[in-house]
Amino acid sequence: MPSLILTGHPCTGKTTFATLLASRALLHPSNTISNIIHIRESTACPDQTKSECYSNSHMEKNTRAALKSEFDKAVIASGGGGGEKRGSTLVILDSLNYIKGYRYELYCISKAAGESHGTVWIMGDGSGGSSSDELAKKRNRQRKELQMNNKHPNQDTTTGMEKNEIDDGYFQDDEMMDSLVLRYEPPDAKNRWESPLYKVDVAAALPWGKDGTLLDDEKSETTLPTQMKAMEVKDDTQKKTV
1 MPSLILTGHP
11 CTGKTTFATL
21 LASRALLHPS
31 NTISNIIHIR
41 ESTACPDQTK
51 SECYSNSHME
61 KNTRAALKSE
71 FDKAVIASGG
81 GGGEKRGSTL
91 VILDSLNYIK
101 GYRYELYCIS
111 KAAGESHGTV
121 WIMGDGSGGS
131 SSDELAKKRN
141 RQRKELQMNN
151 KHPNQDTTTG
161 MEKNEIDDGY
171 FQDDEMMDSL
181 VLRYEPPDAK
191 NRWESPLYKV
201 DVAAALPWGK
211 DGTLLDDEKS
221 ETTLPTQMKA
231 MEVKDDTQKK
241 TV
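Structure, rendered in structure tokens:
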């Protein structure tokens, strides 16, 4: 059972990527993956909002513990001990995962089960710089406004955000996001627990449509195999198309 750890600054497209990857994995002609376990704050801490999960250091610690516990259980329940299910379930841990030591603990869980493990760094605009963070703050404010107004369309025509993005919760304010960004510890492919490391630029891709499609400026739909090249996935020095 392969495991993928998503990491990156707040609101840079981790859940968007995870949802799209899960859809494509299940539709792949090889039929290698038959089940997806998508773990995030809303599944690990269902009684708390994302804002509450990161409201203070104590809540952050509890949130990380809950996510790791769900990840551990998913690895074991999905065939980590062998049998027919082994290798057929993809586990995606979709969260900030911003501490190196924490990512090492997740790696140890996968390796203890004898399973493959990889890290995906969602980089926003490809550089992780201030422009990316400003865009992330704007998306967070839009998400917060939509939830407070109780709007739940399949896709909001103003922001282009899918329903799963909106329902995923929001961070309380820009100050909370700045604090999380300052504490972010970038992954390094030289670390064995973060290799293979894939760097993904979600912001470079066109807006998502339904069923694994991307929308161009005229709102016409094109299939992912030809248009996914807009999203760069970099494996160290080599560029790959998802």
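Heads up: the sequence shown runs through residues 1 to 242, numbered per our numbering.
All C-beta atoms, glycine included, are put in the ideal place defined by N, C-alpha and C.
A straight-line Cα-Cα distance of about 19 Å links Asn62 and His38.
If you draw a straight line from the Cα of Ala113 to the Cα of Ile76, it is about 7 Å long. DSSP, read as helix, strand or coil, puts His58 in helix. Linking Arg183 to Lys138 through their CA atoms gives a straight-line distance of about 20 Å.
Taking a contact to require three or more Cβ pairs closer than 8 Å, the stretch 55–72 and the stretch 93–106 qualify as touching. A contact is defined here as three or more CB-CB pairs under 8 Å, and the stretch 115–125 meets this definition with respect to the stretch 180–197.
In the DSSP assignment, Asp188 falls outside any beta strand (DSSP E), carrying neither H nor E. Under the 10 Å beta carbon count, Asn31 is surrounded by fewer than 16 other beta carbons and is classified as exposed. Annotated three-state conformation of Leu93 is strand, per DSSP. For the pair Ser34 and Leu4, the Cα-to-Cα distance works out to about 16 Å.
When only Cα atoms are considered, Ile99 and Leu6 end up about 12 Å apart. Boundaries of the beta strand (DSSP E) around Ser3: Ser3 to Gly8. If you ignore the 5 residues before and after Ala189, its C-beta comes within less than 8 Å of the C-beta of Ser195, Pro196, Leu197 and Asp236, all in its own chain and listed in chain order. For Lys14, the CB contacts under 6 Å within the same chain, skipping 5 residues up- and downstream, are Leu6, Gly8, Asp94 and Ile122 in chain order.
In the DSSP annotation of this structure, the continuous segment of the beta strand (DSSP E) that includes Tyr198 starts and ends at Leu197 to Val200.
When the beta-carbon positions are compared, Lys73 and Phe171 stay at least 8 Å from each other.
Here Thr16 carries a helix assignment [DSSP, helix/strand/coil]. Residue range Asn35 to Ile39 is occupied by the beta strand (DSSP E) that includes Ile39. One Cα belongs to Asp174, the other to Ile36, and the distance between them is close to 32 Å.
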